[in-house]
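Worksheet: the structure to be examined is printed underneath.
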Amino acid sequence: MSENIYTRVEFFSGENVPLEMHKARMVQRINLIPAEDRLEVLTRTGNNTFLLPNRDVFLDMLTDSGVNAMSEAQYAAMLMADDSYAGSETFYRLENVIKKFFGTEYYLPAHQGRACENILAGVFVDSKTPNVITNYHFTTTKAHIMLRGGTVHEALSDAATAVQSDLPFKGDYDMAKFDDFVKKLGRETVAFVRIEAGTNLIGGQPVSLASMREVSAYCRKNGLLLVFDASLLADNLYFIKVREKECHDRPLADIVKEIASLMDVIYFSGRKLGCARGGGICTSNREAYLKMRDLVPLYEGFLTYGGMSVREMEAMAVGITETLDIHTISQTPLFVEALGLELQSKGVPVVTPFGGLGCHVDAMSFVPQVPQEQYPAAALCSAIYLVSGCRGMERGTLSESRNPDGSEHLSNMELVRLAVPKRVFTHSQIKFAADRIGWLHKHREMIGGLTFEEEPATLRFFLGRLKPIGDWQRKLVDLYKKEMPSGL
Ligand code: F0G
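If you're matching positions, the sequence shown starts at 2 in the numbering used here and goes up one per residue.
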């Protein structure tokens with residue numbers, strides 16, 4: 002039987018239910034604390050969902066990073082790991098799996114995705130080559146490039162940041178914009194060109210294989226180094242398979258190999274790709290490999306562990322292989338779609354088409370009364386926690402850095418991301434989240450803005466502390482308690 006006969010199991014009734022192709026054999030108890038307690042916790046933790054203790058969170062939809070459910074094969078692999086500083090058998094196993102998966106010659110280990118970005122920026126970005134062109138930036142990628150005095154230029158099409166759209170591949174390059182950047186900046190000033198799979202900050206939106214081919218051909222013609230961020234490759238691969246006609250019948254392994262052959266350097270967060278905790282950089286370009294290799298022992302650890310534990314390396318090797326199972330990689334997209342449809346049925350504005358990683362609520366139209374300087378997405382994110390115990394993540398102006406003159410860099414999208422880690426939530430939990438956000442939408446005019454109490458200079462969204470402008474949170478919780486007698 003061919004490996005990929007169907008990509009989803011339909012219901013005879015026509016109901017749109019994301020069927021789980023796994024069973025849960027180990028579970029973790031989670032807490033749903035009352036709204037009154039949620040207000041107390043949120044106030045104490047500076048209205049920043051990154052600072053909430055897990056014990057006070059019901060559905061942790063902050064991220065899929067390092068929190069995807071692992072398979073029994075991954076846990077089994079963790080039992081047999083070769084712990085040694087140098088020459089670990091575990092490393093060689095992982096290296097073989099990764100080299101086979103991508104078809105590249107070299108693999109450099111790193112402890113997570115941003116560690117790879119540190120190495121890439123360290124090697125390629127300097128005063129002579131300060132420019133990086135990308136479909137869209139990611140927070141940590143941009144921070145590392147800027148730290149080296151570099152600048153990020155985004156070649157996404159303008160249509161890709163429209164919240165509602167039917168563009169199947171919003172992460173695609175706009176080739177005219179790309180060409181303009183290269184001509185304007187000068188080819189010789191470009192450190193590298195970057196493609197991010199599953200474009201995170203615009204809503205986990207995929208890049209098509211067709212676009213990757215075009216960008217690669219352009220880079221090869223113009224002598225530009227092409228770097229691929231494969232952190233969100235699993236979701237992206239699913240969308241290539243189901244949305245790109247020529248790939249419907251192609252084996253996933255084949256598609257991955259072609260993607261890899263188009264790139265010069267590939268890096269990934271193993272907290273996402275491979276459902277474990279780790280990362281790495283792959284290439285067949287010996288010169289690039291040697292330059293990057295020198296930085297691994299400096300920042301990560303010796304070349305045969307790169308800052309990872311051997312158990313995580315074993316789990317990652319199995320997890321990467323499992324990326325080639327359509328029913329493994331479909332789980333997040335199908336659950337994102339289920340959450341998106343449920344929210345839409347309640348009138349909640351969400352990013353379409355539904356992407357990978359999570360469902361993204363459009364704060365700009367949910368709370369139009371909150372100006373961008375008062376962080377509408379962060380305010381909505383705090384309100385969602387108050388009424389549901391669900392922890393989302395702000396992806397808007399708060400996630401940007403200020404301009405050099407201290408003014409706000411207003412984001413072109415204000416999103417609350419409700420991440421759906423693989424195989425973690427049940428369908429009824431998804432319905433619960435939508436139910437509470439639906440309630441909030443009915444009372445959306447009550448939501449006000451936030452202002453900083455403590456603002457870190459870099460990546461301020463991680464550790465910054467904010468407070469509500471006025472007493473809207475108190476009033477919201479009072480109404481919630483009145484309408485929801487259990488207070489839960
Ligand atoms: N690239 C992309 C596209 C990412 O989504 C992430 C992380 C990284 C690089 C950095 O990897 O966390 O292992 O250092 N994204 C996480 C998220 C943090 O929640 O979306 P890392």
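Every residue gets a Cβ at the ideal spot worked out from N, C-alpha and C, and that includes glycine. Being a predicted model, the structure only gives us computed values, none of them experimental.
| Item | Value |
| --- | --- |
| Given this structure, state the Cα-to-Cα distance separating S89 from A316, to the nearest angstrom. | 15 Å |
| For the beta strand (DSSP E) holding S346, just list the boundary residues, first then last. | No beta strand (DSSP E) contains S346, which is instead part of the alpha helix (DSSP H) from 332-346. |
| Using the three-state DSSP reduction, which class does M81 fall into: helix, strand or coil? | coil |
| Does the Cβ of F139 lie closer than 7 Å to at least one heavy atom of the ligand F0G? | yes |
| V352 to A25, Cα distance in whole Å? | 30 Å |
| For G150 and L20, I'd like the C-alpha separation in whole angstroms. | 47 Å |
| Go to R418, then tell me how far its beta strand (DSSP E) extends in each direction, as first and last residue. | 416-420 |
| Between which two residues does the beta strand (DSSP E) containing S270 stretch? | 266-270 |
| Could you compute how far the alpha carbon of C117 sits from the alpha carbon of F240? | 25 Å |
| For L95, collect the residues of the same chain with a Cβ closer than 7 Å to its Cβ; drop the 5 residues on either side in sequence, then sort them by chain order. | M314, M317, A318 |
| Considering Cα atoms alone, identify which of L358, Q375, G356, P354 is closest to A364. | Q375 |
| What are the partner residues of M394, as DSSP defines its beta bridges? | R418 |
| Count the other CB atoms within 10 Å of the CB of G205; is the residue buried (16 or more) or exposed (fewer)? | buried |
| Quick check for students: name the residue ranges of the beta strand (DSSP E) that lie wholly in the stretch 145-210, counting only runs of 3 or more. | 152-155, 191-197 |
| Is it true that the CB of A198 sits closer than 8 Å to the CB of D175? | no |
| Please name the residue or residues paired with G359 in a DSSP beta bridge. | A420 |
| From K143 to S400, what distance separates their C-alpha atoms? | 11 Å |
| Report the CB separation of V266 from A192 in whole angstroms; it is logged as a contact under 8 Å. | Their Cβ separation, rounded to whole angstroms, is 11 Å, which puts V266 and A192 out of contact at 8 Å. |
| Would you check whether the ligand F0G has a heavy atom nearer than 7 Å to the C-beta of N201? | yes |
| Exposed or buried, what is T135 when buried is set at 16 or more other beta-carbons lying within 10 Å of its beta-carbon? | buried |
| So, using beta-carbon positions, are V543 and P372 closer together than 8 Å? | Coverage of the chain is limited to positions 2 through 489, which leaves residue 543 absent and any answer about it impossible. |
| If we require 4 or more residues per run, which alpha helix (DSSP H) segments fall completely within the stretch 64-118? | 73-80, 90-103 |
| Using 8 Å for Cβ pairs, my map puts A111 next to G307. What's the rounded Cβ distance? | 5 Å |
| Going along the chain, which residues of its own chain have a beta-carbon closer than 8 Å to the beta-carbon of M2, five neighbours each way excluded? | Low per-residue confidence applies at M2: pLDDT is 40, beneath 50, and the placement is therefore not dependable enough to give any value. |
| Cα separation between T152 and R115? | 17 Å |
| Kindly indicate which three-state DSSP category P469 falls into: helix, strand or coil? | strand |
| When every heavy atom of the ligand F0G is checked, does at least one fall within less than 7 Å of the C-beta of R115? | yes |
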